[in-house]
């Protein structure tokens, strides 16, 4: 019995020990798994590559940045549309004798318990309390079935910090359809504006940027309108811009050596820009010929700023720096024509030859063409009769005299420069258009066309025709600006007189041949120091009212029509 009990206890101990060994092995496996899981977060995750789906990219990047609350991406709210009422026309073949007007439905009885109560109207949508004020990103899409076709982004009323701006930077840089960004009252800083400015060149189709209600102490708004920025419409209303920011914006619009050629509209309403800032912006308009609309409404513009704007819009004298740059531009315009080498086709035929030989070779070519034409006329004469060759011979003689005169002029001129060769190529193109050249001459215009197109370039405003008055060069002012808003400022009589003078000058230029643009077509000057009933304001309105594109003349009365 004792041996049997001992064997039983040994087996039981072995079983217990086996279970303990299994438990220990399981514990080691769990500890190894936990250690691997703990090591995974320490590893640097692979960088996320955005796909163009804004909602998916933004959510994933926010999750990787360990954001507690991720703003949802929703469609921009629109007023709901009511369903069209059902047609009240009766069906064909049924109820022909009955009237088409439907019978009024009986009004439902009002039940205090609400069982038969009317449903709420569908003209609005009810949401939970404070849900409207929660941070969200509103988007407009080209096709709501395709999330990668986001065209407009609206963020309103919540702060965008550096982390959020960098997240948006990664998402926006791959969005091909995006053309509008609206960040209203989002607490931007100088650093976030710089991040936004570095993002703009990668958004190829971006056209409109609205940053209203963002007061930035650094006032580095000029970074948004660099040469690489594709922005065409920029709105900076109520951003607390002072003369410091206006100066940098004016320099970004244009200087003596460069000018912005992308921005079309600029809205600076509701800021703190005074006369000095207006003068700096006007100096930018001296060289800028792209901006078409400028709003300085609700600022602190006085007479000095208005006088400077009137000078830029009419005509202004050039400074010493601008005169020097004008001479450089004039010389650079003439130097390519003087230093231009002849086309490859002609240069290959005239290597190591003086100018006289080149002109004689041209004369030989004209003689060969005459011989070919005369041989052709003889063949035609043998077929058609005697009278036809006489007329063609006369034509060949007159044409030969013209060619001889042209060749003689080239011989007198000596060495043919690039300009003379270009002129001959232009003449060849004209002859080819008329159908006079034949054979190999038809291929020459195709070589001349790229050179003529290459000569056309942007004309610097400094190279316009200037008038020498009292020892200064005066050039025409800016006539590319067509809309100017100066309402709700501090402009007095002297400033309005300068604006009136500019409007009169632009009107006279538009009537003449020197006009390089339409000039102002719309101007707002109400609510300034000068009353709207003043003679100067009345004259400005009389000049500008017919130019307004939305102006419709009053219809003529029947009495006027009968007298006419």
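Numbering (the working numbering), first residue to last: 28 to 591.
Don't be surprised by glycine CBs; every beta carbon is placed ideally from N, CA and C.
Note that this is a predicted model, so its numbers are computed, not measured.
- According to the DSSP assignment, residue 570 belongs to the alpha helix (DSSP H) that extends over 562 to 571.
- Under DSSP, the beta-bridge partners assigned to residue 322 are 294, 512.
- In the three-state reduction of the DSSP assignment, residue 494 falls in the strand class.
- Here residue 330 is near residue 519, since their CB atoms are less than 7 Å apart.
- Per DSSP, the continuous beta strand (DSSP E) segment holding residue 207 begins and ends at 207 to 211.
- Taking all protein chains shown into account, residue 355 has fewer than 16 neighbouring C-beta atoms within 10 Å of its C-beta and is therefore exposed.
- Judged by their CB atoms, residue 236 and residue 258 are nearer to each other than the 7 Å cut-off.
- Residue 499 is classed as exposed because its beta carbon has fewer than 16 other beta carbons within 10 Å across all chains shown.
- With fewer than 16 other CB atoms across the displayed protein chains lying within 10 angstroms of its CB, residue 184 is exposed.
- Of the candidates 293, 255, 283, 221, 221 places its Cα closest to the Cα of residue 244.
- Distance check between residue 206 and each of 529, 260, 342 places 260 closest, using alpha-carbon atoms only.
- Counting C-beta atoms within 10 angstroms of its own C-beta, residue 533 has 16 or more neighbours from the protein chains shown and is therefore classed as buried.
- The residues 306, 309, in chain order, have a CB closer than 6 Å to that of residue 335 in the same chain once the five nearest residues on each side in sequence are set aside.
- Remark: C-beta atoms of residue 286 and residue 251 do not approach each other more closely than 7 Å.
- About 10 Å separates the beta carbons of residue 530 and residue 563, which is beyond the 8 Å limit, so they are not a contact pair.
- Excluding its 5 nearest sequence neighbours in each direction, residue 510 has C-beta neighbours in its own chain below 6 Å: 320, 549, listed in chain order.
- When the beta-carbon positions are compared, residue 527 and residue 567 come within less than 7 Å of each other.
- Here DSSP, grouped into helix, strand and coil, assigns residue 181 to strand.
- The three-state secondary structure of residue 342, taken from DSSP, is strand.
- If the five residues before and after residue 339 are omitted, its C-beta is found closer than 7 Å to the C-beta atoms of 309, 312, 313, 504, 505, all from its own chain and listed in chain order.
- In the DSSP assignment, residue 281 forms a beta bridge with 286.
- When DSSP reads this structure, residue 91 sits in no beta bridge, so it has no partner.
- Under the DSSP assignment, residue 260 falls in the beta strand (DSSP E) whose first and last residues are 260 to 262.
- If you look at residue 551, you'll find it isn't in any alpha helix (DSSP H); it sits in the beta strand (DSSP E) that goes 549 to 551.
- If you ignore the 5 residues before and after residue 229, its C-beta comes within less than 6 Å of the C-beta of 200, all in its own chain and listed in chain order.
- Distance from residue 297 to residue 262 at the Cβ level is roughly 10 Å; contact not present, criterion being Cβ atoms closer than 8 Å.
- Residue environment: residue 227 is assigned as buried (16 or more neighbouring CB atoms within 10 Å of its CB, all protein chains considered).
- Each residue's CA atom was taken as its position, placing residue 159 and residue 94 some 21 Å apart.
- Excluding the 5 residues flanking it on each side, residue 176 has same chain C-beta neighbours closer than 8 Å at 168, 169, 170, 204, in chain order.
- Counting along the chain, residue 236 sits inside no alpha helix (DSSP H); it lies in the beta strand (DSSP E) bounded by residues 235 to 237.
- With a beta-carbon spacing of about 5 Å, residue 516 and residue 555 fall inside the 8 Å limit used to define contacts.
- The C-beta of residue 256 has 16 or more other C-beta atoms within 10 Å across all chains shown, which makes the residue buried.
- Taking the C-beta atoms as reference points, residue 210 is found no nearer than 7 Å to residue 233.
- Secondary structure note for residue 500: its beta strand (DSSP E) is the uninterrupted segment 499 to 503.
- Distance from residue 272 to residue 248 at the Cβ level is roughly 6 Å; contact confirmed, criterion being Cβ atoms closer than 8 Å.
- If you ignore the 5 residues before and after residue 153, its C-beta comes within less than 8 Å of the C-beta of 147, all in its own chain and listed in chain order.
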